[in-house]
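Beneath this line is the structure, given in structure tokens, with notes to follow.
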Amino acid sequence: MRTPGSSPARTRFNVACTVCMAIGGLMVAAGVPSVRPHLPDAESLDLVAANSHAPSGMSADNFHTADRCIACHKGVAAEDGTDVSIGFDWRASMMANSARDPYFHAAVRREVMDHPEAAAAIEGECARCHMPMATVAAIQDGGSGQVFANLPIGDAEGPYAALAADGVSCALCHQIQPDGLGTEATFTARFEISPETPPEGRPVFGPFEPDEGGVGIMHSATGFRPTLGEHVTSSGLCASCHTVITHAVQNDGTGPPFPEQAPFLEWQASDYAEGAAREHSCQDCHMPEVGEDVPVTRVLGQARPEVSRHVFRGGNFFMLRMLNRYRAELGVTALPQELELAAERTADHLRTATATVEVGDPVVRDGRLTATVTVRNQAGHKFPTAYPSRRAWLRVAVTSAAGRLVFESGALNPDGSVTGDDHDEYGAGYEPHHTTIDSPDQVQVYQGVMADASGAVTTGLMSAVRWVKDNRILPDGFDAARADARVRPIGAATSDPDFAAGSDAVRYAVAVDPAAGPFTIVAELWFQPIGYRWAENLAPYDAPETQRFVAYYREMSESSALKLASDETVGGSEQ
Numbered sequence: 352m353r354t355p356g357s358s359p360a361r362t363r364f365n366v367a368c369t370v371c372m373a374i375g376g377l378m379v380a381a382g383v384p385s386v387r388p389h390l391p392d393a394e395s396l397d398l399v400a401a402n403s404h405a406p407s408g409m410s411a412d413n414f415h416t417a418d419r420c421i422a423c424h425k426g427v428a429a430e431d432g433t434d435v436s437i438g439f440d441w442r443a444s445m446m447a448n449s450a451r452d453p454y455f456h457a458a459v460r461r462e463v464m465d466h467p468e469a470a471a472a473i474e475g476e477c478a479r480c481h482m483p484m485a486t487v488a489a490i491q492d493g494g495s496g497q498v499f500a501n502l503p504i505g506d507a508e509g510p511y512a513a514l515a516a517d518g519v520s521c522a523l524c525h526q527i528q529p530d531g532l533g534t535e536a537t538f539t540a541r542f543e544i545s546p547e548t549p550p551e552g553r554p555v556f557g558p559f560e561p562d563e564g565g566v567g568i569m570h571s572a573t574g575f576r577p578t579l580g581e582h583v584t585s586s587g588l589c590a591s592c593h594t595v596i597t598h599a600v601q602n603d604g605t606g607p608p609f610p611e612q613a614p615f616l617e618w619q620a621s622d623y624a625e626g627a628a629r630e631h632s633c634q635d636c637h638m639p640e641v642g643e644d645v646p647v648t649r650v651l652g653q654a655r656p657e658v659s660r661h662v663f664r665g666g667n668f669f670m671l672r673m674l675n676r677y678r679a680e681l682g683v684t685a686l687p688q689e690l691e692l693a694a695e696r697t698a699d700h701l702r703t704a705t706a707t708v709e710v711g712d713p714v715v716r717d718g719r720l721t722a723t724v725t726v727r728n729q730a731g732h733k734f735p736t737a738y739p740s741r742r743a744w745l746r747v748a749v750t751s752a753a754g755r756l757v758f759e760s761g762a763l764n765p766d767g768s769v770t771g772d773d774h775d776e777y778g779a780g781y782e783p784h785h786t787t788i789d790s791p792d793q794v795q796v797y798q799g800v801m802a803d804a805s806g807a808v809t810t811g812l813m814s815a816v817r818w819v820k821d822n823r824i825l826p827d828g829f830d831a832a833r834a835d836a837r838v839r840p841i842g843a844a845t846s847d848p849d850f851a852a853g854s855d856a857v858r859y860a861v862a863v864d865p866a867a868g869p870f871t872i873v874a875e876l877w878f879q880p881i882g883y884r885w886a887e888n889l890a891p892y893d894a895p896e897t898q899r900f901v902a903y904y905r906e907m908s909e910s911s912a913l914k915l916a917s918d919e920t921v922g923g924s925e926q
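Letter by letter, the sequence shown follows residues 352 to 926 of the working numbering.
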């Protein structure tokens, strides 16, 4: 992985604040307080934040919004007629809509209401990944990023509002310099973008050697100069925003570094890492190649091999559908059919390339049916990974020969909660990792659970100081000895001999009447990008952003989770 030395002519954008952002995954709220706290109103907080920034707006000219790029990077089709245009694929992705995400809005609002003394710093840090062009421009102008000054999308005024609305856009990723990518120096969105514009134009990096005609057209249309930059195909580029280290806001300063999300570090310890047995980069999976030579532009474009589609397949099918359903309120510009196609692609990728589940042969002995359910991770990082609102769980059901339900663990409820999950039910606790499940009020939930300085479970990043549970399923080849300590399993999973690199096995033991057999055992693996408690913990915060998101979630909760895999077997003869 290329990590050349840094250049003094380039600016590293460091903000001396210790808060958070999360791309395609997102900031969220802390545990529900027993009494609603006395909180400053949103308008007052926005005024404080706005007064702490003094940008000139000059550096906004270092970027262009994606419409300038889409003008040429459209109208490209594969031989079967499929539109593989970079611009159209991108605009229906979570990258393009990172600034429109209502969960992001609600979570930042809740954090600044909890920590008003750090409101400006929280906004500045969260905007780094969700509104990155606006934030880089503001920093280059001597200010820092803002969130609420750039909302609502389409109606906000100011020198950076248009850049903010464009989310993670072309002119952001393709201007990132190679210096330090894949290292600690560029994590938490500390990538480098030059503030200087050479006479020949600002370089924008791509994986192909540009032809002379294309260079001239792009420079005359945008002021950018196409430049070969192989680092755009490296996982280190993605790592800059998908390795997020936060610090809790505390009375005596800031808390210890906390790895809010680190799929890149998980990948580095797997069989898929650079130089490993089954090497795959982030782009290999999340930006699949077209599969045939195609141009990247319809304007004098020459056919290129190994062109990556800018679909950015992730895990947030739920948010894509939420954006589509409430598109007018959120300022969404992608067409309805484009967003639905993106959601379907996401769901299909989750179902076909994420994990499998298998039920072992059931046995009945002494009035108890036993069977082992094994989950295997097919991803190049933990599953689930990234933002800790994400969870997966097993639903296991046993029915008799007559079709009567004998046992069920892990049923999804219409409100998005999971039966038996202590975190959903109580808020203050969490469901432990299980080696054996023998009661319907137990469920195997794969998740990361955070705690604050007092040890209390929290869903607030600005309160979190450590994990108390991390049993997210490890990728194949995960070697704890060489893995970064920040991504090793935490809690009961560490002593479970069946929790290993690439898989987990859970034993189910169910009381049955042997005469009612044979029994049918169904095991299903479910995934939810935003868990019930993470959404409901926003409800006590009386602000437009929090109340809007909670209303959206409650309206769509029945579709908040997706069944990824299932297996079924019949058996259970008395032995």
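The beta carbon of each residue, even a glycine, is placed where N, CA and C say it ideally should be.
Residue environment: Leu913 is assigned as buried (16 or more neighbouring CB atoms within 10 Å of its CB, all protein chains considered). For Arg716, the secondary structure class from DSSP, reduced to helix, strand or coil, is strand. When the alpha-carbon of Pro656 is set against those of Arg442, Arg664 and Val645, the nearest one is in Val645. Between Pro577 and Val566, the C-beta spacing is below 8 Å.
Proximity of the stretch 490-508 to the stretch 678-689 meets the contact definition, three or more beta-carbon pairs being nearer than 8 Å.
Bounds of the alpha helix (DSSP H) holding Met464 are Pro453 to Asp465. A residue is called buried when at least 16 other Cβ atoms come within 10 angstroms of its Cβ; Arg742 meets this threshold and is buried.
Secondary-structure assignment with DSSP links Thr578 through a beta bridge to Phe556. When rounded, the separation of the alpha-carbon atoms in Ala507 and Val600 is 29 Å. In the DSSP annotation of this structure, the continuous segment of the alpha helix (DSSP H) that includes Pro483 starts and ends at Pro483 to Gln491. Going by beta carbons, Thr721 and Pro713 fall inside the 8 Å limit. About 7 Å separates the CB atoms of Val757 and Val861; that is less than 8 Å, so the two are in contact. Of the residues Val921, Pro880 and Glu896, the one whose Cα lies closest to the Cα of Pro453 is Glu896. Sixteen is the threshold: since fewer than 16 other Cβ atoms of the shown chains lie within 10 Å of the Cβ of Thr787, the residue is exposed.
Setting aside the 5 residues that flank it on each side, Gly853 is surrounded in the same chain by Arg727, Asn728, Ile824, Leu825, Pro826, Asp827, Gly828 and Phe829, each with a C-beta closer than 8 Å to its C-beta; the list follows chain order. Take Asp440, set aside five residues on each side of it, and the residues of its chain with a beta-carbon closer than 6 Å to its own are Arg660, His661 and Val662, in chain order. Secondary structure of Pro608 (DSSP, three-state): strand.
Comparing alpha carbon positions, the residue from Ser586, Glu547, Leu532 and Cys524 closest to Phe556 is Cys524. Under the three-state reduction of DSSP output, Ser854 falls in the strand class. Distance from the CA atom of Lys733 to the CA atom of Ser586, rounded to whole angstroms, is 16 Å. Look at Ile596 here: in three-state DSSP terms it is strand. Rounded to the nearest whole angstrom, the C-alpha separation of Ala836 and Trp618 is 13 Å. For Ile504, the three-state secondary structure derived from DSSP is coil. Using a Cβ distance threshold of 8 Å, Phe538 and Ala590 count as a contacting pair. Short of 7 Å from the beta carbon of Pro791, and not among the five residues preceding or following it, lie these beta carbons of its own chain, in chain order: Phe758, Glu759, Ser760 and Gly771. With three or more CB-CB distances shorter than 8 Å, the stretch 688-704 counts as touching the stretch 441-451. In summary, Pro610 is buried, with 16 or more beta-carbon neighbours lying within 10 Å of its beta-carbon over all protein chains present.
A Cβ-Cβ contact shorter than 8 Å links Asp766 with Tyr883. Gln653 is classed as exposed because its beta carbon has fewer than 16 other beta carbons within 10 Å across all chains shown.
By DSSP's assignment, Trp818 forms a beta bridge with Met801. Rounded to whole angstroms, the separation of the alpha carbons of Gln497 and Phe850 is 42 Å.
Annotation: the continuous alpha helix (DSSP H) that includes Thr703 extends over Pro687 to Ala704. Each residue's CA atom was taken as its position, placing Val641 and Arg696 some 14 Å apart.
With 16 or more other Cβ atoms inside 10 Å of its own Cβ, Pro483 counts as buried.
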